[in-house]
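Before any comments, here is the structure.
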Amino acid sequence: ARLAILLSGRGSNMVALVQAVQHGVLQNLAEVAVVFSNKPEAPGLKTAAALGCPTASLGSQDRKRAEFDAEVVDVLRQYQPDYVVLAGYMRILSPTFIRAFAGRILNIHPADTHQHQGLHAYEWAFENQLPETKITVHLVDEGLDTGPILAQHPVDLRGVDTLAEVERRGLAVEHTLYADTLAGLLRGQLRISNEELRIGSADS
Ligand code: GRF
């Protein structure tokens, strides 16, 4: 399967996915069609190029969401992706985008999406002194961090006393969970219920 990986920043999840494609669990299952960013200066883009991936970008600053997303869809289609894999893509996707790749967009969220949505999930876990948080890989629909859960994995937070340590432990889980989940999906080992995808509701 061809993957389009979307990022806005550092890209550590992108690196983990590319390594899994090159010599890990995604070998012979996936190829990286493109690494795309809405921030032309994102450090993750350079890293992707250094890893040998095709890259593309379109600056989203001051752009209207639907208009911008329509252009992104055009760019991505040139690379014929089977899946769009969000890896720290810091932009809410418009219905235009979601419908173009309905049921084929994945996201990784650093919390249980039933408990915490949106930004600052590690801060939330740290400030609430949770003994454990969960990393979630889910299909993306038109809600914010809603959509069918494909996989979750716990992060043991006992004994952490800095936010940096929460993030360090969480990212270690993210980096294996994302590739493992994609591998399961591509092997047909995950069951996805289309009913749960909230796409194309009458009012939008
Ligand atoms: C990760 O924590 C991911 O779960 C969240 O954004 C962060 C991206 O980090 N969606 P990176 O750019 O992959 O290093």
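Adding 26 to a residue's 1-based position in the sequence shown gives its number in the UniProt record's numbering. Positions of the beta carbon are idealized from the N, C-alpha and C atoms, including for glycine. Quick caveat, the model's predicted, so the values are computed rather than measured.
Cβ of residue i within 8 Å of any chain C Cβ
i           : result
residue 156 : In the structure shown, chain C does not exist; there is a single protein chain.
Those residues which DSSP pairs with residue i across a bridge
i           : result
residue 180 : 160
residue 133 : 112 and 164
residue 232 : This structure gives no information on residue 232, because the portion of the chain shown stretches from 27 to 230.
residue 175 : 164
Whole-number beta carbon distance between residue j and residue i, since they are thought to touch under 8 Å
i           : j           : result
residue 162 : residue 175 : 6 Å
residue 110 : residue 127 : 5 Å
residue 51  : residue 205 : 5 Å
residue 32  : residue 209 : Wrong, their Cβ atoms sit about 19 Å apart, outside the cutoff.
residue 58  : residue 119 : That pair is no contact at about 20 Å.
residue 197 : residue 38  : 6 Å
residue 84  : residue 99  : With a Cβ gap of about 11 Å, residue 84 and residue 99 do not count as contacting.
residue 47  : residue 73  : Actually they are not in contact, since the Cβ atoms of residue 47 and residue 73 sit about 14 Å apart, beyond 8 Å.
Cutoff 6 Å; reference residue i; Cβ partners in own chain excluding five residues on either side
i           : result
residue 169 : 224
residue 60  : 30, 80, 82 and 105
residue 180 : 158 and 160
residue 222 : 174
residue 236 : No statement about residue 236 is possible, as the shown extent of the chain runs from 27 to 230 and does not include it.
Sequence-distant residues of its chain with Cβ nearer than 8 Å to residue i (five each side left out)
i           : result
residue 35  : 65, 68, 69, 70, 114 and 116
residue 195 : 181, 182, 183 and 186
residue 27  : 55, 56, 57, 108, 109 and 212
Own chain, CB closer than 7 Å to residue i, minus 5 neighbours either side, in chain order
i           : result
residue 171 : 135, 139, 143 and 144
residue 130 : 108, 109 and 110
residue 75  : 81
residue 226 : 125
residue 123 : 95, 98 and 99
residue 88  : none
residue 228 : In this prediction, residue 228 has a pLDDT of 41, which is less than 50 and means its spatial position is unreliable; nothing more can be read from the coordinates.
residue 86  : 64, 94 and 117
Cβ-heavy atom distance, residue i to ligand 3, below 7 Å
i          : result
residue 39 : Ligands in the displayed structure: ligand 1; ligand 3 is not one of them.
Contained beta strand (DSSP E) runs [length at least 3] in the region 37-109, N- to C-terminal order: 57-63 and 81-83
State whether the region 198-215 contacts the region 146-156, with contact taken as three or more CB pairs (one from each stretch) at a distance under 8 Å. The region 198-215 is not in contact with the region 146-156.
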